[in-house]
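Undergrad: Before I ask anything, here is the structure I am working with.
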Amino acid sequence: MKSVKRALISVSDKTGVLEFAQKLHGLGIEILSTGGTSALLTKHGVPVKQVSDYTGFPEMMDGRIKTLHPKVHGGILGRRDVEGHRQSMKEHNIDPIDLVVINLYPFENTIAKEDCLLADAIENIDIGGPAMIRSAAKNFDDVAVVVSSTDYSIILEEIEGSGGIVSRKTRMRLSRDAYAHTARYDSLISRYLSDQLEDKEDFAPIFLLPFEKIQGLRYGENPHQLAAFYRDPDANSKDIVSAQKIQGKELSFNNIIDLEAAWQLAKDFKSGSAVIIKHTNPSGIAVGDKQLEIFIKARETDPVSAFGGIIGFNRKVGADTAEEILKNFVEAVIAPDYDKEALKLFSGKKNIRIMKMLEETSVVERRVFDLKRVGGGLLVQDKDIISHDPATLKVVSKKQPDS
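Residue numbers (UniProt numbering): 1 to 403.
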């Protein structure tokens, strides 16, 4: 790659783009842009050339056609080390584009709205953006592609420190991220359209997983296993992935699994509940109106297994319960909320992980799946969301419960 001389910037998420463009301009880099991005940069005194002026072809069809032009894709895809490519670019007056900064129409945010219509979703499917991203990612030997504002500082650091060049390692990493970005985008569209089909009993012929990494983990179920935590785009505030960590050590792979089990079980009861989980298995469960009392009952079910366990409640945790919890070693507690005094008590034990579930917010209901890996395959089923109802339970043994 030669030094960056020309950049194309067209973003829906404007976070940090003005400062980024200002610094590129200060480094003598020409900027091509479109629509709202161009308007923002121009408003703040950053010189830009409209893509329509560069191509000599106007935007049309309500903006559906803006960048789908040989002068754009030729400038991105043309290989600088191939004589035939250089000659074609010269003959057709195609300038090389060395840096492509794109993020896509906000399809995910659009379909998250309760009043989203199919027509709204369709109009927020980006066409030109993914095409430019894929072109730039393919030609990473000559072009750097940026799809996330978190990479702006890295690009600037390398350009400023190396005479305008982005390292090959960084360009290749950005290429990988770009293809993951467009793959996730396409999978969100596919999933949305699947949800619009009337036949809810049908499963898509290709099952796509557009999960996004939120954190790396120290290790997996065992110390020799690598691991990471990913978020489902359809996750909402009542899911474990949205839980807020108030205090404590870093969550482990096994902590997250046990927290999920504790929360799912605790919230399944209408009355107050206390649940203790050890290695994904419940070691004690109790229900009732007095939280301290039911916690003690749950712990006394199996005091040995309760040691070092994870505790879940479906009500706000009071100070008296917190005080009782701290009499023994526990890994974590998860609940909808905590009294101030309870949090003060927990703060005396810095390592204990205190997790708070966020308030349930209004969300667009989507089909949710349970997944199970088997050798060479994946089993997929609808999530079991039937709530616990004592009236539907039957005792099938000869021995009957006391009450």
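Where is the CB? At the ideal position from N, CA and C, for every residue including glycine.
It should be emphasised that the depicted structure is a prediction, and the values quoted were computed from it without experimental measurement.
Let me know the secondary structure DSSP gives M60 once reduced to three states.
TA: M60 falls in the strand class under three-state DSSP.
Undergrad: Go ahead and label E331 buried or exposed: buried means 16 or more other beta carbons lie within 10 angstroms of its beta carbon, across all protein chains shown.
TA: With 16 or more other Cβ atoms within 10 Å, it is buried.
Undergrad: I need the boundaries of the beta strand (DSSP E) containing R231, first residue and last residue.
TA: Run containing R231: A227 to R231, per the beta strand (DSSP E) assignment.
Undergrad: So, is M60 buried or exposed, given that buried needs 16 or more other C-beta atoms within 10 angstroms?
TA: It is exposed - the Cβ of M60 has fewer than 16 other Cβ atoms within 10 Å.
Undergrad: Under 6 Å: does the beta carbon of N139 sit that close to some heavy atom of the ligand ATP?
TA: Questions concerning the ligand ATP fall outside what the structure shown contains, since it holds no ligand whatsoever.
Undergrad: Using DSSP with H/G/I as helix, E/B as strand and the rest coil, what is R191?
TA: Helix, per DSSP.
Undergrad: Assess, as a yes-or-no matter, whether the region 297–312 is touched by the region 265–274 under the definition of 3 or more beta carbon pairs within less than 8 Å.
TA: The region 265–274, when compared against the region 297–312, does touch it at the 8 Å Cβ threshold.
Undergrad: Just the C-alpha distance for L156 and R80, rounded to the nearest angstrom, thanks.
TA: Cα to Cα, L156 sits roughly 22 Å from R80.
Undergrad: Count the other CB atoms, across all protein chains shown, that sit within 10 Å of the CB of V46; report buried if there are 16 or more and exposed otherwise.
TA: With 16 or more other Cβ atoms within 10 Å, it is buried.
Undergrad: Counting only runs that start and end within the region 258–334, where is the beta strand (DSSP E) found for 3 or more residues in a row?
TA: If we require 3 residues or more, the beta strand (DSSP E) runs fully inside the region 258–334 come out as 273–278, 281–287 and 310–313.
Undergrad: DSSP on E221, reduced to helix/strand/coil?
TA: If DSSP states are grouped into helix, strand and coil, E221 belongs with coil.
Undergrad: What residues in its chain sit with their C-beta under 7 Å from that of G216, if we drop five residues either side in the sequence?
TA: A228, listed in sequence order.
Undergrad: How long is the line joining the alpha carbons of K379 and D320, rounded to whole angstroms?
TA: Contrary to the premise, residue 379 reads as Leu rather than Lys in this sequence. Roughly 44 Å separates the two Cα atoms.
Undergrad: Below 8 Å on the Cβ atoms is my guess for Q50 versus S38; work out the distance and round it to an integer in Å.
TA: Going by Cβ atoms, the distance from Q50 to S38 rounds to 6 Å, so yes, they are a contact pair.
Undergrad: Here's a check: name, in chain order, each residue in its chain whose Cβ is nearer than 8 Å to the Cβ of S148, leaving out the five neighbours to either side.
TA: Only N103, D177 and H181 meet the Cβ criterion.
Undergrad: Please report the Cβ distance between D98 and K5, rounded to the nearest whole angstrom; I am assuming they are in contact, meaning their Cβ atoms lie under 8 Å.
TA: Their Cβ separation, rounded to whole angstroms, is 6 Å, which keeps D98 and K5 in contact under 8 Å.
Undergrad: What is the residue span of the alpha helix (DSSP H) that N109 lies within?
TA: Note, N109: alpha helix (DSSP H), F107 to I111.
Undergrad: Less than 7 Å between C-beta atoms, sequence neighbours within five positions excluded: which residues of the same chain meet that for D258?
TA: For D258, where only same-chain residues beyond five positions count, the Cβ hits under 7 Å are I277, T280 and I310.
Undergrad: Between L292 and G318, what straight-line distance do the alpha-carbon atoms span, to the nearest angstrom?
TA: Distance between the alpha carbons of L292 and G318 is about 8 Å.
Undergrad: M355 and K245 look like a contact to me (Cβ under 8 Å); what is the Cβ gap, rounded to whole Å?
TA: The pair is a contact, with the Cβ atoms about 6 Å apart (cut-off 8 Å).
Undergrad: Could you give the first and the last residue of the continuous beta strand (DSSP E) run that contains R6?
TA: Element bounds for R6: R6 to V11.
Undergrad: Distance, Cα to Cα, S33 vs N351?
TA: Their backbone Cα atoms lie some 50 Å apart in a straight line.
Undergrad: Starting from the Cα of residue 405, find the closest Cα among I385, G220, K113 and V368 and give me that residue.
TA: Outside the modelled stretch of the chain, which goes from 1 to 403, sits residue 405, for which no answer is possible.
Undergrad: On the three-state DSSP scale, how would you describe V100?
TA: It is a strand residue.
Undergrad: How would you write the range of the beta strand (DSSP E) that S135 sits in, first residue to last?
TA: That residue, S135, is in no beta strand (DSSP E); its alpha helix (DSSP H) goes G128 to K138.
Undergrad: Any idea what DSSP makes of F369, helix, strand or coil?
TA: F369: strand per DSSP, three-state reduction.
Undergrad: With 16 other CB atoms within 10 Å as the buried threshold, where does D344 fall?
TA: The sequence shown places Lys at residue 344, not Asp. With fewer than 16 Cβ atoms within 10 Å of its Cβ, K344 is classed as exposed.
Undergrad: Looking only at DSSP bridge pairs, what is Y338 linked to?
TA: Partner(s): V317.
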